[in-house]
Structure formats: structure tokens, C-alpha cells
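*Asks:* Counting in my numbering, the sequence shown runs from 104 upward without gaps. So that we are looking at the same thing, I have put the structure below in C-alpha cells.
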Amino acid sequence: MSLSNKLSVKDLTLEGKRVFIRVDFNVPLDGKTITSNQRIVAALPTIKYVLEHNPRYVVLASHLGRPNGERNEKYSLAPVAKELQTLLGKPVTFLNDCVGPEVDAAVKASAPGSVILLENLRYHIEEEGSRKVDGKKVKASPEAVAKFRKELSSLADVYVNDAFGTAHRAHSSMVGFDLPQRAAGFLLTKELQYFGKALENPERPFLAILGGAKVADKIQLIENLLDKVNSIIIGGGMAFTFKKVIEGTQIGDSIFDEAGAEIVPKLIAKAKANNVEIVLPVDFVIADAFSADANTKIVTDKEGIPAGWQGLDSGPESRKLFGATVAKAKTIVWNGPPGVFEFEKFAAGTKSLLDEVVKACQGGATVIIGGGDTATVAKKYGATDKISHVSTGGGASLELLEGKELPGVAFLSSK
104 MSLSNKLSVK DLTLEGKRVF IRVDFNVPLD GKTITSNQRI VAALPTIKYV
154 LEHNPRYVVL ASHLGRPNGE RNEKYSLAPV AKELQTLLGK PVTFLNDCVG
204 PEVDAAVKAS APGSVILLEN LRYHIEEEGS RKVDGKKVKA SPEAVAKFRK
254 ELSSLADVYV NDAFGTAHRA HSSMVGFDLP QRAAGFLLTK ELQYFGKALE
304 NPERPFLAIL GGAKVADKIQ LIENLLDKVN SIIIGGGMAF TFKKVIEGTQ
354 IGDSIFDEAG AEIVPKLIAK AKANNVEIVL PVDFVIADAF SADANTKIVT
404 DKEGIPAGWQ GLDSGPESRK LFGATVAKAK TIVWNGPPGV FEFEKFAAGT
454 KSLLDEVVKA CQGGATVIIG GGDTATVAKK YGATDKISHV STGGGASLEL
504 LEGKELPGVA FLSSK
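Structure representation (C-alpha cells):
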């Protein structure tokens with residue numbers, strides 16, 4: 104699956120067309136109040152671009168939360184319609200459902216150039232294809248799914264996907280449109296450009312920075328990246344499994360991943376065969392409890408971590424080592440922080456790494472942060488705008504880096 108040759112919204116003729124945009128309006132709510140409108144703001148460039156090209160109308164659809172295939176007012180997109188109207192500065196018609204005769208009639212009767220937001224797609228079991236009942240998975244019938252997809256498709260001439268965060272899900276709104284032109288919006292195009300360049304044609308040296316607790320969760324990721332990168336920094340909890348297996352380091356009560364430990368020798372052998380440098384921490388900030396106010400000290404890997412203590416951050420020498428590795432790279436993909444940054448006492452390693460990455464970016468390197476916790480780090484320390492690209496999809500970006508095909512991307516038309 105080539106990421107860089109997908110049809111973009113800019114390649115479409117939009118005048119007089121009925122345009123369906125799958126957006127990601129899965130915003131955090133406190134009751135009916137939106138606590139961060141970031142995802143709505145992020146969708147505006149695509150919506151405005153389409154409106155500037157005089158479509159017949161624009162239909163927007165999204166999921167919000169996990170209503171489990173049934174109506175639940177808690178997950179209504181009604182507050183989003185209000186916020187979108189304010190941000191767009193033009194009326195937004197909110198419909199009480201996303202399919203059915205009433206929706207069909209309302210959309211058809213809308214004035215030229217209207218913006219219409221449909222209700223939560225996940226109110227229907229046919230969007231995700233299944234729901235949980237008493238802990239068991241109940242599937243939607245193929246006939247019901249086909250009907251749901253046909254009804255959504257009937258609202259449009261052209262399909263635009265701008266929801267990278269759900270691109271790894273083969274849901275009806277991501278892969279169910281029987282329309283000749285299926286294009287990426289600006290948000291999705293940006294994601295594909297950055298990940299496409301890094302994974303298909305990176306400027307070298309190419310460095311991956313990986314954190315997270317368990318090696319077993321990241322095996323596919325490491326396996327795939329070992330075929331792509333020149334070096335990998337392994338930090339976070341999973342560094343302890345590597346250190347213990349390869350170097351016999353005493354890790355005390357730090358996280359040790361039994362399942363992952365069995366695979367470490369294979370990964371190291373592959374790294375050697377591919378001439379990939381694996382960079383591990385050489386010292387640690389350790390704690391006598393997993394707590395924000397634990398007692399702390401710094402130990403080297405030679406000294407080891409005593410029983411009753413656990414490593415929660417990289418130490419000062421590791422930070423220098425990581426910094427030197429970052430400084431050499433021209434392309435950097437970062438997925439997972441090197442320490443428990445949520446606790447101030449164990450945030451220094453993450454802050455230092457972020458500073459180095461920002462410096463590399465200012466020096467002309469391309470830096471991609473893959474959603475999730477690492478995106479939270481960039482936001483927490485005000486660095487989001489100083490990084491080439493902070494991904495909007497944790498799960499989707501992880502699957503791309505694992506070498507998987509994303510259903511929502513594969514479904515788009517090629518140029």
C-alpha cells in the first residue's frame with residue numbers, strides 16, 4: 104500500500120457535487136460541554152476548502168465515544184454542531200440520525216451550500232459491525248451492514264475521509280462507500296505524506312525512539328522498524344527487559360516482560376544483521392515505590408537496581424547518550440516516552456529527550472510523533488508547534504509503523 108499516491112480532496116471537482124466528509128469529531132465531553140475543540144478545529148481546513156468550491160451541500164459524519172451500537176444521549180454530537188457553527192461562522196444543520204428516510208429527505212431538501220452534521224454513526228451496530236451484549240460480541244447481519252452502507256453512500260457523489268484516528272478500523276464509514284471518487288482530506292493527506300516519506304523514502308540517518316512498558320506489545324513495531332531504520336533508542340519500561348536479557352543488568356522490581364524476554368535475542372540478532380544500532384539507557388532514576396512522592400536515587404547499569412526499587416526514568420548519562428543519538432539523525436519517529444512523565448520526579452528524561460528532538464527539528468531534521476502518550480508529552484511541554492508532525496491517531500500510526508495496511512487508507516482511490 105503506497106501512502107503517497109492517494110487521491111486528495113484537491114484532486115476533485117467539487118462544484119455542484121454532494122460531498123460526504125468522514126471527520127473525527129470524537130471530542131472529550133464533560134456532560135454536554137466540549138472540554139477541547141482541537142479535533143473540530145483540525146477538520147476546518149478541509150470543510151472550508153470544500154465549501155469554497157461551491158458544492159451542492161456538505162454532509163459531515165463522525166463517531167463520538169463508544170455507545171455500543173445503540174442510541175445514548177451521552178454520546179450525541181449535538182454539542183459539536185453548535186461548536187462547529189461558531190467556528191465556521193455559518194449555520195450547521197444537525198440531524199437526529201445518520202441514516203433513514205427522514206435524514207434522506209432533510210439532506211435532499213437542504214439549501215445549496217448547506218453544511219449538515221449527522222448524528223453519531225456508532226448509534227448503529229452496522230457502523231462497527233458488532234456490539235457487546237453481556238460481555239459477548241454480537242455481530243450485525245451482512246444484509247443490515249450492506250443496507251446501512253448503501254444509505255450513507257446515497258447521500259453523496261464524492262467521499263472524503265479526514266479521520267486518520269479511525270483509519271485502522273474497517274468500519275462502514277471508512278470502507279463502505281460505493282462511490283467512484285474516494286479522497287483524503289487535508290488532515291489525512293498530511294499524515295500520509297509524513298508517514299509515507301519516513302517509511303518509503305526517509306532521509307538518513309533514520310532513528311526510531313520507542314518507549315512503553317512491554318516488549319511483547321511492541322514486537323511487530325520493532326520487527327518492522329529494524330528493516331527501515333539506522334538506529335533505535337529503546338527507553339521506558341521495556342528497556343529493562345532488554346538490559347536484563349542482553350547485559351544481565353540487575354533490574355530490581357522494575358517491569359520485566361517474560362514473554363518479551365524470549366524474543367529479545369531474535370530482535371538483537373536481526374538488528375546486527377541489518378546493521379541497526381540499538382541504544383539502551385546506561386543509568387536510571389529509581390524509586391522505592393510507584394508513586395509521585397517516592398524516594399529516589401540515581402544508579403548506573405553496572406551498579407544495578409536493588410531489590411525493592413524500580414526504574415522509572417532514564418538517568419543523566421542516558422539523556423546525554425540519547426541526545427547524541429538524536430543529534431545525528433535526519434528523520435526521527437518517536438513512539439512512547441522514556442519515563443513516567445506523569446510524575447514530576449520522573450519527567451526529566453522525557454523533557455530532555457523532547458528538547459533534543461525539538462533542537463533536531465530546528466536543525467532541519469524531520470520529526471514525527473506517533474499519537475498517544477508522546478503527543479500528550481509534546482502538548483504538555485508546549486512543543487506541538489515545534490515538531491514537524493504530531494500524529495492525530497495513536498492506534499492508526501502504530502499500525503502503520505508496524506507495517507500493516509490501514510483499511511481506511513487502502514479504500515481511498517489512487518491518483
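Quick reminder that beta carbons are idealized off the backbone N, C-alpha and C, glycines included. In this text the structure is predicted, and so the values were computed from the model without any measurement.
Smallest Cα separation from Pro308: which of Gly485, Asn333, Gly407?
*Replies:* Checking every option, the nearest Cα to that of Pro308 belongs to Asn333.
*Asks:* Helix, strand or coil: which one does DSSP assign to Phe123?
*Replies:* In the structure shown, Phe123 sits in a strand (DSSP, three-state: E or B).
*Asks:* When the Cα atoms are used, what is the spatial distance from Val183 to Ala376?
*Replies:* In a straight line, the C-alpha of Val183 is about 52 Å away from that of Ala376.
*Asks:* Please report the distance separating the alpha-carbon of Ala316 from that of Asp386.
*Replies:* For Ala316 and Asp386, the distance between alpha carbons rounds to 17 Å.
*Asks:* Does DSSP put Lys482 in a helix, a strand or coil?
*Replies:* It is helical.
*Asks:* In angstroms with no decimal places, state the Cα-to-Cα distance between Ser217 and Arg121.
*Replies:* Answer to the nearest angstrom: the Cα atoms are 10 Å apart.
*Asks:* Just confirm the distance between the C-beta atoms of Phe251 and Glu229, as a whole number of angstroms; I'd bet it's less than 8 Å.
*Replies:* Their Cβ separation, rounded to whole angstroms, is 4 Å, which keeps Phe251 and Glu229 in contact under 8 Å.
*Asks:* When you compare each of Asp330, Ala499, Thr453 to Leu509 by their alpha carbons, which one comes out closest?
*Replies:* Among Asp330, Ala499, Thr453, the Cα nearest to that of Leu509 belongs to Ala499.
*Asks:* Out of Glu222, Val470, Phe197, Asn223, state which residue places its alpha-carbon closest to the alpha-carbon of Ser213.
*Replies:* The shortest Cα separation from Ser213 among Glu222, Val470, Phe197, Asn223 belongs to Phe197.
*Asks:* Compute the Euclidean distance between the alpha carbons of Thr116 and Cys464, then round it to the nearest angstrom.
*Replies:* Taking the straight line joining both Cα atoms gives about 36 Å.
*Asks:* Can you tell me the Cβ-Cβ gap for Ser491 and Thr477, rounded? I've got them flagged as a contact below 8 Å.
*Replies:* The pair is not a contact, with the Cβ atoms about 14 Å apart (cut-off 8 Å).
*Asks:* Near Val529, what residues of its chain come up, given a Cβ to Cβ distance below 7 Å and the 5 sequence neighbours on each side ignored?
*Replies:* With the chain running from 104 to 518 in the structure shown, residue 529 is simply not present.
*Asks:* Does the segment 425-440 come close enough to the segment 449-456 that 3 or more CB-CB pairs lie under 8 Å?
*Replies:* Flag = yes, the segment 449-456 and the segment 425-440 touch.
*Asks:* Got a sec? Which residues, its chain only, sit under 8 Å from Val382 by beta carbon, not counting five neighbours each side?
*Replies:* Cβ neighbours of Val382 beyond the five flanking positions: Ser334, Ile335, Ile336, Ile337, Leu424, Phe425, Thr428.
*Asks:* Which of the three DSSP states, helix, strand or coil, is assigned to Thr403?
*Replies:* Residue state, collapsed to three classes: strand.
*Asks:* What does the Cβ neighbour count give for Gln141, buried or exposed, with the cut at 16 atoms within 10 Å?
*Replies:* Gln141 comes out exposed.
*Asks:* Beta-carbon within less than 7 Å of Asn171's beta-carbon, same chain only, minus the 5 sequence neighbours each way: which residues are those?
*Replies:* Arg234, Lys235, listed in sequence order.
*Asks:* Grab the span of the alpha helix (DSSP H) containing Leu302 for me, first residue to last.
*Replies:* Looking at the DSSP string, the run of the alpha helix (DSSP H) that includes Leu302 is 289-303.
*Asks:* Which residues bound the alpha helix (DSSP H) around Tyr152?
*Replies:* Element bounds for Tyr152: 141-155.
*Asks:* So Ala427 is in the alpha helix (DSSP H); what residue range does that whole segment cover?
*Replies:* Where Ala427 is concerned, the enclosing alpha helix (DSSP H) stretches over 419-431.
*Asks:* Quick one: any contact between the segment 284-301 and the segment 239-247, if contact means 3 or more CB pairs under 8 Å?
*Replies:* As far as the Cβ criterion goes, the segment 284-301 does not touch the segment 239-247, which means the pair count is below three.
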